[in-house]
Amino acid sequence: MSAQGLPVTPSQTVGPYLAIGLPWEDGPFVVPEGTPGAFAISGVVTDGDGAPVPDALIETWQADPDGRFAHPDDPRGPAAPAVPGFRGFGRCPTDGQGRYRIVTVRPGPLPDPGGGTEAPHLDVSVFARGLLNRVVTRIYFPDEEAANAADPVLAAVEPGRRDTLVAVAEPGGFRFDIRLRGDRETVFFDV
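Numbering of the sequence shown is given in the numbering used here, commencing with residue 1 and proceeding in unit increments.
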């Protein structure tokens with residue numbers, strides 16, 4: 001009973017009900033598997049206690065290797081993708097251990113609205129239980145030191161937290177773990 005003598009409303013988990021229609025067979029493939037230069041970005045989504053989140057959904061959006069988007073709203077105008085079958089968009093649900101895997105190609109650098117250049121990166125949205133809205137982050141590449149150092153978005157992040165945005169090289173691609181809260185929380189952006 002509440003302080004006013006009324007029954008307490010039962011708590012409810014906010015979704016996600018992602019498995020109902022958001023994932024699709026080709027979702028994790030930004031490019032077809034076997035595309036020259038294709039690699040995997042994989043990782044684990046964990047909660048504030050470090051436990052895997054088995055019902056999250058990861059979405060990625062990126063430029064092609066020429067730094068162009070496969071979208072008519074690209075401010076430089078639409079262009080055919082530099083890689084056959086490139087979609088620029090990937091979507092992957094996590095498995096029972098919180099793991100995801102996206103197959104893609106390296107994006108090119110992007111022009112920054114301020115006149116500079118943004119380092120090659122993937123934009124990432126994370127949907128998970130308990131989140132009323134998605135959280136947004138970026139994945140940068142570890143072998144782009146000079147480009148990362150000049151990237152205006154990465155430069156705006158506290159130096160001690162920048163590494164939460166940089167993937168780790170591993171055989172066959174890169175690893176990028178996403179920590180939703182707590183110690184070593186991934187940096188998320190207010191967009």
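Where is the CB? At the ideal position from N, CA and C, for every residue including glycine.
- When the Cα atoms are used, E145 and L6 turn out to be separated by approximately 59 Å.
- The Cβ atoms of L180 and R138 do not sit closer than 8 Å to each other.
- With distances taken between CA atoms, D112 lies nearest to D151 out of A128, D151 and D66.
- For A56, there is no enclosing alpha helix (DSSP H), as DSSP gives it neither H nor E.
- When the five nearest sequence neighbours on each side are left out, the beta carbons in the same chain lying within less than 7 Å of the beta carbon of V191 are those of V136, in order along the chain.
- Judged by beta-carbon spacing, D49 lies within the 8 Å limit of G182, meaning their Cβ atoms are closer than that value.
- Closest in alpha carbon position to V126, among A155, L154 and R91, is R91.
- Residue pairing by DSSP places T60 opposite G90 and V124 in a beta bridge.
- DSSP, reduced to helix, strand and coil, places G77 outside both helices and strands of the structure shown, so it counts as coil.
- As computed with DSSP, G43 is found in a beta bridge with Y100.
- In the assembly as shown, D64 is a buried residue. Its beta-carbon has 16 or more other beta-carbons within 10 Å.
- Inter-residue distance for G98 and G37 is about 26 Å (C-alpha atoms, whole angstroms).
- Per DSSP, A149 is one residue of the alpha helix (DSSP H) stretching across E145 to A150.
- Sixteen is the threshold: since fewer than 16 other Cβ atoms of the shown chains lie within 10 Å of the Cβ of D143, the residue is exposed.
- With fewer than 16 other beta carbons inside 10 angstroms of its own, W24 counts as exposed.
- Only residues of its own chain outside the window of five on either side were considered, and among them I41, G43, I139 and A167 have a CB closer than 7 Å to the CB of F176, listed in chain order.
- DSSP places R138 within a strand segment (E or B) once states are collapsed to three.
- In terms of Cβ geometry, T60 and V30 form a close pair [threshold 8 Å].
- Annotated three-state conformation of G182 is coil, per DSSP.
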